[in-house]
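Participant: Input: one structure, supplied below.
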Amino acid sequence: MLDWLKNINKDYPDFWKDYLTKFETRPNKFVVLSTETSGLNPDKDVILSLGAFSVIDDSIVIKENFETVLLQYKYLQDNGLSNEFIIESKMMKMPEPDALEALVNFIGNSILVGHHINFDIEMLNAALERLDCGRLKNEALDVDVMYRKLTDINDKQFSLDDLCEIYKIPKSDRNSSSEDAYRIGLLFLKLKSRLGIK
Amino acid sequence: MNTVAEHIADFLKEYKPFDNLTFQELSDIATNIRVINLEKHAVLFQNNDPLHENFYVVASGVINLTTIADAEETILNKCHEGDIFGLRPFFAKNNYMMTAKAREESIIYAIPIAVFRPFVANNSDVLNFLLESFAVNSRHTKDSMNSNGKLVSDADYIDQQTEMQYIQSLNYNNSPLTTQSNSIIKDVAILMTDSMLDNIIICEKNHPIGIVTNADLSSKIATGRYPITETIDKIMSSPVVTVLENVSLAEAQLLMLKHNVTHLCVTKDGTSKSIVKGIISEHDLIVAQASNPGVLIKEIKRSQLPKDLKQIRDRLSDLIQNSIQKNIPISHVSNIASEINLAIIKRAVELSILDLGSPPARFAWLSIGSQGRKEQLLLTDQDSILIFEDVTPEKYREVKDYFLRLAKRTTSILEKVGYDYCPNGHMGSNMLWCKSLSDWTKQYNSWMNTPGENSNDLSSIFFDYEIVFGEAKIEEAIESVIFKNAVNNTLFFDFLGNDALKRNSPLSFFKKFITEEDGPHKDKFDIKTRALMPLIDGARLLILNANIKGIQNTYLRFKQLAITDSKNAEIYLSCAEAFLTLSKFRTVEGLKNDDSGQYINLREMSKSDKEKLKNALSPMKDLEELIKSKFQLTQFS
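Chains as they are written, first to last, in the working numbering: chain A, 12 to 209; chain B, 434 to 1070.
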């Protein structure tokens, strides 16, 4: 039985093995994560860009960020979409496998925070499966759920823009995953202190 | 590449001192920033905390910088978007000297000092700005406000204490000891000891040439450097620092510090070549500071007994008297006086609550009438109302009972302080004027919509109110009821207008003062009802009609009306001036006789004062005409 487990382990890429070992210690930070995808179907759609920030000791650490545009030329070609966005963008560009490896290294064992984070995680898991990795093991917090818990509202969902309006976070004219991650980060700080999460 | 860091750099470059740096430098700084969210009232650092590794920039919201002295929080500065604070780690090693607290929910950028320091070292503009800001943030000198600094963005914090010091006069020894330069030291010392003074001025033809104080005696005589048989000019300090007669407290303080002396010699023209008028010692300054408004308010907050409050109120009278003698603008004096009155009433309510236990519901104690208008300079009668929030019917009796007891207690404390009970019973202790919010709303509705029907208990003073204690929301609720009812309410304005016009005119057809014909005040002029009330009523009527909220003071009302109704600006401005002149006459009279100053004794007045008084009455005619035409009133309506 143990041998079987080891065999499974051996098939994983090295960065994934590293990732798994990180869970032997307790998480010491939060990572706010936002993805931009081509659509809502984890099986067919792909991640176009990623943005993430660390939140340590009740503050967003701007330096500890991760943002990248994924080079999804194949997907765009297949679906007859323009790849102008990828070419125009000044952000760092990576092919999907590299980007996911870098992201997994970045998040480590931290607690993930996002807006409707389950969907982001599904998208990431689908992409990780293509790289012969397992599923993400991180704990995850959703700002929408946190807000609904705080206000005791159960019957509706709030978009990121709704929440930003409620907490008077200025909207940015430039829209990117990194922008979104920053806004989610601010929301998270506000909700966190209100809910008294340590 | 970090998009958000660039956004932050974009934000920073709008503000000093960051505008001196290049975008690349700012991006590098922004990359190292931490973003912090502070909930309302959250404390970022407080007095005596060890220094942080960062200084801070307000990204949104407002941060108050405060110090705590004498158990009282004083705001040093308010930091708005783009302002920097927490600069101490740049310049000092000791702990924080102030508290930074979020006044509303705020987002703060924490910039590590280690990252920023190289830019400071390489850029003298940045360094200078930080130094200036540090100085401004640590000391609250509003005159050091620099026009281009984003830091001192708030000028509305007025340090009344220092402000008052500039105008506060000093009492000092008007008959100082003087002697000739050839007097013998021993004789002089005996003279000083006999008259229990620690200083003596040496004069030559009545002009001061030197001064001898106890310090001179101990350092020059007791040490044996001079025998006591020498002449006094050997040991005197010379020249003497001389000042003009009406020197202010602040000026005297400055001069003493500047010349490092303990005594100032007052001369007729302020130079040493004129006659000696008096001597100001350090002790006089300390005494003067004791009746400083700031000190008075602090003492009010601490006092436990009505008798302490009374003593403070007496000192306020001294202060007012001094200020008026020194020709300080009466609007200024009444501002300060009303703050102190407010503090006294507030303390009276607090003392009653301490006695009776905490209130069963929220409430508001409003001053009405002159205190509500912030025009109470003299000890006049007290007018107040009490509004408590709505409670369930079964609790109503109990709650009302509590508040009646509270009001009775408060008014009796105030009576002991020296504010007489209102002869018309317009006080919170009266069953009629201690009601729940919905009852008050009904009351105002009926006053304003059906005036005249119940006119016997409608008094216009209910439309001048100021919250003293309790929930500000209750005052706002009443205010909105009044202004809602006032819109297009011709009937009500008719009523108020007639009320304002029915006062007896101050001057007869032949421009003589109309004086009281009989009673205890026979042959005196009733300045309150004949001169001040028409102006007060007129201002109230017009301001209600113009739907302008939040201005409760007659002088300011006229000023505001001059702005809104610019056609008649001239009338309004002359009314404003007249009001101040008349208030001053009344105050002077009141201080002279220790009463409310309602009746002026014309016989004791100089001819020029009488003329002045007459002139101040002339704008009233114009105001009357204005009201008549505005509200289409005739004398007979």
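Ideal Cβ positions, reconstructed from N, Cα and C, are used throughout, including at glycine.
On a predicted model such as this, the values are computed, not experimentally measured, just so you know.
Looking at the structure shown, is Lys74 of chain A part of a helix, part of a strand, or coil, going by DSSP?
Facilitator: As a first step, residue 74 of chain A must be located in the first sequence, where it is residue number 63. Looking at Lys74 of chain A - three-state DSSP - the assignment turns out to be strand.
Participant: On the CB-based measure, 16 or more other CB atoms within 10 Å of its CB, does Asp170 of chain A come out buried or exposed?
Facilitator: The residue you call residue 170 of chain A lines up with position 159 of the first sequence. Residue identity differs from the one stated: residue 170 of chain A is Ser in this sequence, not Asp. Answer is exposed; the Cβ neighbour count stays below 16.
Participant: Excluding the 5 residues flanking Asn129 of chain A on each side, which residues of the same chain have their C-beta closer than 8 Å to its C-beta?
Facilitator: In the first sequence, the residue the question calls residue 129 of chain A occupies position 118. Result list for Asn129 of chain A: Ala151 and Asp153, in chain order.
Participant: Below 8 Å on the Cβ atoms is my guess for Ser385 of chain B versus Gln744 of chain B; work out the distance and round it to an integer in Å.
Facilitator: Residue 385 of chain B lies beyond the stretch modelled for chain B, which goes from 434 to 1070, so this question has no answer here.
Participant: Closer than 8 Å, CB to CB, is Glu176 of chain A near chain B or not?
Facilitator: Indexing the first sequence from 1 puts residue 176 of chain A at position 165. Output row for Glu176 of chain A: interface = no.
Participant: Is it true that the region 54-61 of chain A meets the region 156-174 of chain A, where meeting means three or more beta-carbon pairs spaced less than 8 Å apart?
Facilitator: Output reads no: the region 156-174 of chain A does not touch the region 54-61 of chain A.
Participant: According to DSSP, is Arg780 of chain B helix, strand or coil?
Facilitator: If you number the second sequence from 1, residue 780 of chain B lands on position 347. Helix, per DSSP.
Participant: Could one say the Cβ of Tyr84 of chain A lies closer than 8 Å to chain B's Cβ atoms, at least one of them?
Facilitator: The count along the first sequence starts at 1 and reaches residue 84 of chain A at position 73. Taking Cβ atoms only, chain B never reaches closer than 8 Å to Tyr84 of chain A, which makes this a no.
Participant: Determine, for Ile195 of chain A, whether the minimum Cβ-Cβ distance to residues of chain B falls below 8 Å.
Facilitator: Here residue 195 of chain A is taken as the residue at index 184 of the first sequence, counted from 1. Not one chain B Cβ lies under 8 Å of Ile195 of chain A.
Participant: Just to check my reading of the structure: Val850 of chain B and Ile777 of chain B have Cβ atoms closer than 8 Å, yes? What is that Cβ distance to the nearest angstrom?
Facilitator: Along the second sequence, one-based indexing puts residue 850 of chain B at 417. Along the second sequence, one-based indexing puts residue 777 of chain B at 344. With a Cβ gap of about 6 Å, Val850 of chain B and Ile777 of chain B count as contacting.
Participant: Compare the beta carbon distance of Arg205 of chain A and Leu174 of chain A with 8 Å and say whether it is the shorter of the two.
Facilitator: For this step, residue 205 of chain A is matched to residue 194 along the first sequence. For this step, residue 174 of chain A is matched to residue 163 along the first sequence. Taking 8 Å as the Cβ cut-off, Arg205 of chain A and Leu174 of chain A do not qualify as a contacting pair.
Participant: Looking at chain A, is there any beta carbon in it that lies within less than 8 Å of the beta carbon of Ile544 of chain B?
Facilitator: Against the second sequence, residue 544 of chain B aligns to sequence position 111. It does not; no Cβ of chain A falls within 8 Å.
Participant: Starting from His696 of chain B, follow its DSSP beta bridges and name the residues at the other end.
Facilitator: Counting from 1 along the second sequence, the entry for residue 696 of chain B is found at position 263. According to DSSP, which records beta bridges pairwise, His696 of chain B is partnered with B:Ser714.
Participant: My output table needs one value for Lys619 of chain B: the three-state DSSP class, helix, strand or coil.
Facilitator: As a position in the second sequence, residue 619 of chain B is number 186, starting the count at 1. The answer is helix: DSSP assigns Lys619 of chain B an H, G or I state.
Participant: Using a Cβ-Cβ distance under 8 Å, would Asp592 of chain B count as near chain A?
Facilitator: On the second sequence, residue 592 of chain B is found 159 positions in, with the first residue counted as 1. Confidence in Asp592 of chain B is poor, its pLDDT being 39 and thus under 50, which makes the residue's placement unreliable; the coordinate value appears in the next sentence. So no, Asp592 of chain B is outside the interface.
Participant: Three-state secondary structure (DSSP) at Val548 of chain B?
Facilitator: For the purposes of this step, residue 548 of chain B is taken as the residue at position 115 of the second sequence. Reduced to three states, the DSSP call for Val548 of chain B is helix.
Participant: Within 10 angstroms of the Cβ of Gln815 of chain B, are there 16 or more other Cβ atoms? Answer buried if so, exposed if not.
Facilitator: Here residue 815 of chain B refers to the residue found at position 382 when the second sequence is read from its first residue. Result: buried.
Participant: If you follow the beta strand (DSSP E) that Glu874 of chain B is in, where does it begin and where does it stop?
Facilitator: Taking the second sequence and counting its residues from 1, the one referred to as residue 874 of chain B is at position 441. The question names Glu, but residue 874 of chain B is Thr in the sequence shown. Here Thr874 of chain B belongs to no beta strand (DSSP E); instead the alpha helix (DSSP H) covers Leu870 to Asn882.
Participant: Give the residues of chain B in contact with Ser189 of chain A, contact being defined as C-beta atoms less than 9 Å apart.
Facilitator: In the first sequence, counting from the first residue as 1, residue 189 of chain A sits at position 178. Within chain B, the residues near Ser189 of chain A are Asn435, Thr436 and Val437.
Participant: So if I threshold CB-CB distances at 7 Å, which residues from the region 61-83 of chain A count as touching chain B?
Facilitator: Per Cβ criterion, the list reads Asp69, Ser70, Ile71, Val72, Ile73, Lys74, Asn76 and Glu78.
Participant: Determine, using beta-carbon pairs with one atom in the region 668-682 of chain B and one in the region 636-648 of chain B, whether at least three such pairs fall under 8 Å.
Facilitator: Because the criterion of three Cβ pairs below 8 Å is met, the region 668-682 of chain B and the region 636-648 of chain B touch.
Participant: Got a sec, what are the start and stop residues for the beta strand (DSSP E) Val901 of chain B sits in?
Facilitator: The residue you call residue 901 of chain B lines up with position 468 of the second sequence. That run of the beta strand (DSSP E) goes Tyr898 to Gly903.
Participant: Quick one: does the C-beta of His513 of chain B sit closer than 7 Å to a heavy atom of the ligand GDP?
Facilitator: You won't find the ligand GDP in this model; it holds no ligand whatsoever.
Participant: Whose C-alpha, out of B:His716, B:Ser557, B:Gly703 and B:Ala683, is nearest the C-alpha of Asn632 of chain B?
Facilitator: Translated into the one-based positions of the second sequence, residue 632 of chain B becomes position 199. Per the Cα distances, B:His716.
Participant: Going by other Cβ atoms of all chains shown within 10 Å of its Cβ, with 16 needed for buried, is Pro884 of chain B buried or exposed?
Facilitator: Numbered from 1 along the second sequence, position 451 holds the residue referred to as residue 884 of chain B. When all chains shown are included, Pro884 of chain B counts as buried.
Participant: What did DSSP end up calling Phe523 of chain B once you bin it into helix, strand or coil?
Facilitator: Here residue 523 of chain B is taken as the residue at index 90 of the second sequence, counted from 1. If DSSP states are grouped into helix, strand and coil, Phe523 of chain B belongs with the helices.
Participant: What does the Cβ neighbour count give for Asn581 of chain B, buried or exposed, with the cut at 16 atoms within 10 Å?
Facilitator: Residue numbering aside, residue 581 of chain B sits at position 148 when the second sequence is read from its first letter. Residue confidence is low: Asn581 of chain B scores 34 on pLDDT, short of 50, so the model does not pin down where it sits. Its coordinate-derived value is still stated next. Asn581 of chain B is exposed by the Cβ-count criterion.
Participant: Which whole-angstrom value is the C-beta distance of Thr149 of chain A and Asn120 of chain A, which I expect to be below 8 Å?
Facilitator: As a working mapping, residue 149 of chain A is identified with position 138 in the first sequence. As a working mapping, residue 120 of chain A is identified with position 109 in the first sequence. According to the sequence as given, residue 149 of chain A is Asn; it is not Thr. Asn149 of chain A to Asn120 of chain A, Cβ: 7 Å. Contact.
Participant: Reducing DSSP to helix, strand and coil, say where Gln479 of chain B ends up.
Facilitator: Start at 1 with the first residue of the second sequence, and residue 479 of chain B comes out as number 46. In the structure shown, Gln479 of chain B sits in coil (DSSP, three-state: anything other than H, G, I, E or B).
Participant: Exposed or buried, which one is Ser187 of chain A when buried takes at least 16 other CB atoms within 10 Å?
Facilitator: Residue mapping note: residue 187 of chain A aligns to position 176 of the first sequence, counting from 1. Buried, by the Cβ-count rule.
Participant: Determine contact between the region 916-931 of chain B and the region 805-812 of chain B, defined as no fewer than three beta-carbon pairs at a distance below 8 Å.
Facilitator: No: the two stretches stay apart, fewer than three of their Cβ pairs being nearer than 8 Å.
Participant: How long is the line joining the alpha carbons of Tyr86 of chain A and Glu112 of chain A, rounded to whole angstroms?
Facilitator: One-based indexing of the first sequence puts residue 86 of chain A at position 75. One-based indexing of the first sequence puts residue 112 of chain A at position 101. Near 19 Å, if we compare the C-alpha coordinates of Glu112 of chain A and Tyr86 of chain A.
Participant: Beta-carbon within less than 7 Å of Leu202 of chain A's beta-carbon, same chain only, minus the 5 sequence neighbours each way: which residues are those?
Facilitator: On the first sequence, position 191 is the one that residue 202 of chain A refers to. Val154, Met157, Tyr158 and Leu161, listed in sequence order.
Participant: Do you know how far the Cα of Phe518 of chain B is from the Cα of Ile195 of chain A?
Facilitator: Along the first sequence, read from residue 1 onward, the residue named residue 195 of chain A stands at position 184. Along the second sequence, read from residue 1 onward, the residue named residue 518 of chain B stands at position 85. If I take the Cα positions, the gap works out to 26 Å.
Participant: What are the residues in the region 454-469 of chain B lying within 8 Å of chain A by C-beta distance?
Facilitator: Here the close residues are Ala463, Thr464, Asn465, Ile466, Arg467, Val468 and Ile469.
Participant: At a CB distance below 7 Å, what residues from the region 103-117 of chain A approach chain B? Give them in sequence order.
Facilitator: Under the 7 Å Cβ criterion, the region 103-117 of chain A contributes Met103.
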